[in-house]
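Step one of this worksheet: look at the structure below.
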Amino acid sequence: MKIRIGVGTAGGASTPDALAELVTGLDALGFDSLWLSEVLTGPVLDPLVGLAWAAASNPRVKLGTTMLLPGRNVLRLAKQLASLDVLCRGRLLVTLVPGLTYAPEREAIGVEPKRRGALIDEALPLLRRLWVGETVSHEGAAGSFRDVKLSPLPVQQPLEVWLGGTAPAALERCGRLSDGWLPSLCTPEEAAAGRVVIEEAAATAGRSISGEHFGMSIGYASVPIDPATARLMTARRPRSLELTPVGLPALRKLLERFIAVGFSKFVVRPVVPPASWRAELEALSAAVGDLQT
């Protein structure tokens, strides 16, 4: 089982200098990938723009995104991700997400949370058909187009798509449609139980998901979380505070617990942007870098 650790940002890498420091540090210290998440109302870069910049600045680091699917025209999204995979020469990692459900992000996405799952069901098969060069026509919530053949096609064939989510419907969808699972805010025991559901759903759909394609996105704090940040985290996602390891030894212990139940791909994200990405990455490498195999 190949253990890989990527690093995501929760803000704090929104300038050229900060992003350059992050990308250079990831490469120098042997981390697997850079991850930029899409939060329309948050203090973060647009992931397509940020990852295109990173691709041009470094030829080695893999580029990951947790990107919104609801609210997008599926043809435009197919074109954007295929173009990015071409420009980064096949280093793109894609996880598609339904988006956050708290205000103001909920309203900005423009799709009610209860409708987002159905949109993913509609859009993901279309993305796959477009990325392999089929001529596709569609009329629906995900977009309207006729006799479209995408060009350029992604370098990766297939361009894999992972999904997140821990609700029963999300687990079933992951098994039925995705190439992998990258959830957040669950315990190792909950993750192991979710994997069983996903694998059963995949078998029911006549498909399988590689055992190497189960991962976890983990927010962590290097130092104790201040009360204001703690209140904000809890208000947005009730379990976030209890599921956030505090201190790098606690992060390592949590990663080891996930590895023990068969998870091997990780995105770790400081919940508070560091003052220095290089210093953060050096400390992170010293604490968990040897887990990579």
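Numbers 20 to 312, taken from the numbering used here, label the letters of the sequence shown in order. We put the CB at the ideal spot given by N, CA and C, even for glycine. Just so you know, these numbers come straight off a predicted model, no measurement behind them.
Backbone CA spacing between L146 and L94 [nearest angstrom]
7 Å
Distance check for I22 and G199, CA to CA, integer angstroms please.
15 Å
Measure the beta-carbon distance from I228 to G194 and round it to whole angstroms, keeping in mind my assumption that it falls under 8 Å.
7 Å
Verify whether the separation of the beta carbon atoms of I139 and P117 is less than 8 Å.
yes
Are the beta-carbon atoms belonging to F50 and G27 less than 8 Å from one another?
no
Which of the three DSSP states, helix, strand or coil, is assigned to P177?
coil
Alpha carbon of E191 to alpha carbon of V286, nearest angstrom:
23 Å
Once DSSP output is grouped into helix, strand and coil, what is the label at M252?
M252: helix per DSSP, three-state reduction.
What residue range is occupied by the uninterrupted alpha helix (DSSP H) comprising T43?
P35 to L48
Closest by CA to E158, which one among L169, E141 and P171?
E141
Assuming L48 and S304 make a contact with CB atoms under 8 Å, what is their CB distance in whole Å?
4 Å
Does the separation of the CB atoms of G30 and P62 fall below 8 Å?
yes
Roughly how far, in whole angstroms, is the beta-carbon of F233 from the beta-carbon of S197, given that I think they are within contact range, below 8 Å?
Contact doesn't hold; Cβ gap of about 11 Å is too wide.
With a threshold of 8 Å on Cβ separation, who are the neighbours of L201 within its own chain once the five nearest residues in sequence on each side are excluded?
T85, T114, W181, L182, G183, G234, M235, S236, K284 and V286
Cα separation between A302 and L262?
Computed Cα separation, rounded: 21 Å.
Spell out the partners DSSP gives S163 in its beta bridges.
E158
Three or more beta-carbon pairs under 8 Å between the segment 274 to 283 and the segment 206 to 220, yes or no?
yes
As a quick exercise: from R256, K81 and R288, pick the residue whose alpha carbon is nearest that of V265.
R288
Are L41 and A32 touching if we call contact CB-CB under 8 Å?
yes
So for A32, helix, strand or coil by DSSP?
coil
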